[in-house]
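Colleague: There's a structure below that I have some questions on.
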Amino acid sequence: MAGVIPTSLSSGKEEDGANRNRAALRRVFYGRSLRSLSVGFWVMVIAFLMIRLSPGDPVRIALGSEATEASVAEMRHKLGLDQSIFYQFYRYFINIFKGDLGYSYFSNRSVTSVVTTHLPVTLMIIALSIFLGILLAIPIALFVALSKNQVTTYLFRAFTSISLALPGFFLAVVGLYFFGIKLRWAPAAGYEPGFPGNLQFIWLPALVNCGSLVPVLSRVLHSSLMDTLDEEFVETGVIRGVSKIRFYWSYLLRPSLAPTVVLLSYMIGVMIGGTVIMETIFSLPGIGRELITAVDSRDYPVVQGIVMIFGLIVVFFSFIGDLLGYLLDRRVTLS
Amino acid sequence: MTIVNTKARKRMREGSFGLYTGFTMILTLIVAGAIVPWLSKYDPNAPGGTPIARPSGAHWFGTDLLGRDVFTRVFDAVFIDLGTAIIGVSIPLVVGTIIGTLLGISRSKRVNSVVGSIIDGINAFPFLIFVIALIAFIGPGIPSIILALSLVNWARYARVARTRAVVVNQQGYVEAARILGFSKVRILFKHIIPNVSSETRAYALSDFIIVIIAVAALSFLGMGTPPPQAEWGAMIRDGTQILALAWWPTIFPGLALCWAGVAVAFVAEGLQRRLRETNSK
Chain A
802 MAGVIPTSLS SGKEEDGANR NRAALRRVFY GRSLRSLSVG FWVMVIAFLM
852 IRLSPGDPVR IALGSEATEA SVAEMRHKLG LDQSIFYQFY RYFINIFKGD
902 LGYSYFSNRS VTSVVTTHLP VTLMIIALSI FLGILLAIPI ALFVALSKNQ
952 VTTYLFRAFT SISLALPGFF LAVVGLYFFG IKLRWAPAAG YEPGFPGNLQ
1002 FIWLPALVNC GSLVPVLSRV LHSSLMDTLD EEFVETGVIR GVSKIRFYWS
1052 YLLRPSLAPT VVLLSYMIGV MIGGTVIMET IFSLPGIGRE LITAVDSRDY
1102 PVVQGIVMIF GLIVVFFSFI GDLLGYLLDR RVTLS
Chain B
136 MTIVNTKARK RMREGSFGLY TGFTMILTLI VAGAIVPWLS KYDPNAPGGT
186 PIARPSGAHW FGTDLLGRDV FTRVFDAVFI DLGTAIIGVS IPLVVGTIIG
236 TLLGISRSKR VNSVVGSIID GINAFPFLIF VIALIAFIGP GIPSIILALS
286 LVNWARYARV ARTRAVVVNQ QGYVEAARIL GFSKVRILFK HIIPNVSSET
336 RAYALSDFII VIIAVAALSF LGMGTPPPQA EWGAMIRDGT QILALAWWPT
386 IFPGLALCWA GVAVAFVAEG LQRRLRETNS K
């Protein structure tokens, strides 16, 4: 290809590149969707099989100890437990898509209604935790990355690994003691639905909950900021004398965000686990407290339904996180 | 050259500092766990004495609602908490490493995709939620906690092991062992698994922090040891009910748990630094 490249050919090449890009994006999208769907399917299978781990007969637990043989048999038939396991799974699977997750053994409430009533509270706490986590992690990571002091970096690493080793539920109890009992800045219990009235009840649980998020987020953001700082365009930014905010955002943060976004989506599971404990400690009417109550009373359908929903939520957010990470930075390799 | 060397040595020292601090902290805890309940004049589990007495010369950490000595109870719980966590990490470590390695070296696409999907499915559930749910089905207690932890965590180890086994399987020494005509079992246990498990063991150390906190959290939620057995999570749970009256029955077991977690974190960090150091040499 010696000589001058005709313009038409080079523009054709560009178009070709854009097409290939779009094709690659489409391939990633379909690949990820397929994978998420298959994982989602296995989540349902595992949730379905979980109930079989119990040593006792779930029907007897549901009916109580003084149930007659006839009523047990009738209940089994009603729940379809006298059918083959594959047929039972088929029914379970179909019912999920109809929005039917079964009924509580004790209160006659449908599991779907338990989930739809209590899930918003939980999601609200998780959202606030993530918001606070990002709000704290970005300045910390920026400060450590921009400080030339070795001691700062060393202290940062030490503090993050120590804070990851502290139990969240104990920190929550300590927080409850100081802010709830001593200072009375936060109510020890109670809840009021609706934003922003609920903020006074959930700020403390969310703050404690983001304690598991901030060290991880700030570490990953810090290490990608360090990589970005080595790039030549950062120097260009300094030389061109762009405004401070523009420099921080376009030259430092935006090119460094992709791994953090992917990580954030993977942290959803950890946040859910933390929130369940926070709800129990602060008596918040979220789905986590429902889960603990159901575990205590052996209300199997409720436990099964809540666990499956949480599994699907995690699958969904990993999918979104992977795609966002891919879009933000094509260089991110997804395992 | 000298600069590089001193730098490397300095990093080595930093790693050692973490290692020694961590090991000393763990050792202190274990020694105290062995000695304190034996030397103490108080029974860790029998009620008696003044309830909710402030920390004093007679009761260093005060007493709880039932008048039991918190100091004795905190150290009486060491072996239950550490032991549960150690077993709860070891079983999935062994099972997960073996399953993951077998998957990594197996040529069957079908086995790989089915077991791989099951692993992905298990890993999709939030860790703590899944463990709580399993305990709901198998019942509360320490053996249940261990069983539930094993059922959930093997999948994480298997994922780490599989990725590693694929790499190890293509190494020259494995190839050489095959050409020498060693049996498959010998190659697996003598050549592949030791190299895969260096990776999973490193993962186990950071997992240990999560598990020891999870064990206490499960007891805190009422799924662990039945009373009166002293256990940090259960003690914090009991203490929380009288938090407005007394902080000591809650804070001291919590600090012990933090101590254990931070100690392991130091060891993990130190070992990781060492590993990086030897790898980069």
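Taken in order, these protein sequences are the chains called A and B.
Residue 802 is where the first sequence starts when you use the numbering used here, and the numbers rise one by one after that.
Residue 136 is where the second sequence starts when you use the numbering used here, and the numbers rise one by one after that.
Backbone N, C-alpha and C fix where the C-beta goes; we use that ideal spot for every residue, glycine too.
#1: Got a sec: is the Cβ-Cβ distance from A987 of chain A to anything in chain B below 9 Å?
#2: Which residue comes first and which comes last in the alpha helix (DSSP H) that contains M370 of chain B?
#3: Closer than 7 Å between beta carbons: that is the criterion. Which residues of the region 240-265 of chain B meet it against chain A?
#4: Going by C-alpha distance, which of B:F196, B:G168 and B:R203 is nearest G183 of chain B?
#5: For the alpha helix (DSSP H) containing I1114 of chain A, list its first residue and its last residue.
#6: So, helix, strand or coil for D1143 of chain A, using DSSP?
#7: Use the C-beta contact count for R299 of chain B: other C-beta atoms within 10 angstroms, 16 or more gives buried, fewer gives exposed.
#8: Quick check on DSSP: helix, strand or coil for D342 of chain B?
#9: Less than 9 Å separating the beta-carbons of P1016 of chain A and Q1001 of chain A?
#10: Can you give me the Cβ contacts of V287 of chain B inside the same chain, cut-off strictly under 6 Å, excluding the 5 residues immediately before and after it?
#11: Against I281 of chain B, what residues of chain A qualify as contacts under a CB-to-CB distance less than 9 Å, listed in chain order?
#12: Work out the CA separation of W173 of chain B and V1021 of chain A for me, nearest whole Å.
#13: Assuming contact is defined by CB atoms lying nearer than 9 Å, are V915 of chain A and S905 of chain A in contact in what I supplied?
#14: Can you list, in chain order, the residues of its chain whose CB lies under 8 Å from that of A188 of chain B, leaving out five sequence neighbours each side?
#15: Just list the residues that DSSP pairs S839 of chain A with in beta bridges.
#16: Would a check of beta-carbon distances place P1006 of chain A closer than 9 Å to chain C?
#17: Using a C-beta to C-beta distance shorter than 7 Å, which residues of chain B count as neighbours of L1017 of chain A?
#18: Do I344 of chain B and R297 of chain B have their CB atoms nearer than 9 Å?
#19: I want to verify the contact list: residues of chain A whose CB lies under 7 Å from the CB of W382 of chain B, in sequence order.
#20: Tell me which residue opens and which closes the alpha helix (DSSP H) that L921 of chain A is part of.
#21: Report yes or no: do the region 398-414 of chain B and the region 154-167 of chain B share at least 3 C-beta pairs separated by less than 8 Å?
#22: Please state whether DSSP places D204 of chain B in a helix, a strand or coil.
#23: Can you find a C-beta in chain B that's less than 9 Å from the C-beta of V974 of chain A?
#24: Starting from the beta carbon of S1024 of chain A, find every residue of chain B whose beta carbon is closer than 9 Å, and list them in chain order.
#25: Where does Y992 of chain A sit, in a helix, a strand or coil, going by DSSP?
#26: Compare the beta carbon distance of P362 of chain B and V205 of chain B with 9 Å and say whether it is the shorter of the two.
#27: Return the CA-CA distance between V309 of chain B and V303 of chain B, expressed in angstroms with no decimal places.
#28: Quick one: Cα of I862 of chain A to Cα of F907 of chain A, how far?
#29: Residue range of the alpha helix (DSSP H) that W1004 of chain A falls in?
Modeller: On the basis of the supplied data:
#1: no
#2: W367 to T375
#3: S252, I253, D255, G256, I257, A259, F260, P261, F262, L263, I264 and F265
#4: B:R203
#5: Y1101 to L1129
#6: What is shown of chain A runs 802 to 1136, which leaves residue 1143 of chain A out entirely.
#7: buried
#8: helix
#9: no
#10: F265 and V266
#11: By Cβ distance, chain A contributes nothing, its closest Cβ being about 14 Å from I281 of chain B, past 9 Å.
#12: 46 Å
#13: yes
#14: H194, G197, T198 and G202
#15: Looking at the DSSP assignment, S839 of chain A forms no beta bridge with any residue, so it has no partner.
#16: No chain C appears in the structure shown, which is made up of the protein chains A and B.
#17: In the sequence under discussion, the amino acid at residue 1017 of chain A is Val, which differs from the Leu named in the question. In chain order: nothing, as chain B lies at least about 12 Å away.
#18: no
#19: Y978
#20: The sequence as given places Pro at residue 921 of chain A; Leu does not occur at that position. Note, P921 of chain A: alpha helix (DSSP H), V912 to L947.
#21: yes
#22: strand
#23: yes
#24: Here the premise fails: no neighbours, minimum Cβ distance about 14 Å.
#25: coil
#26: no
#27: 8 Å
#28: 10 Å
#29: L1000 to N1010
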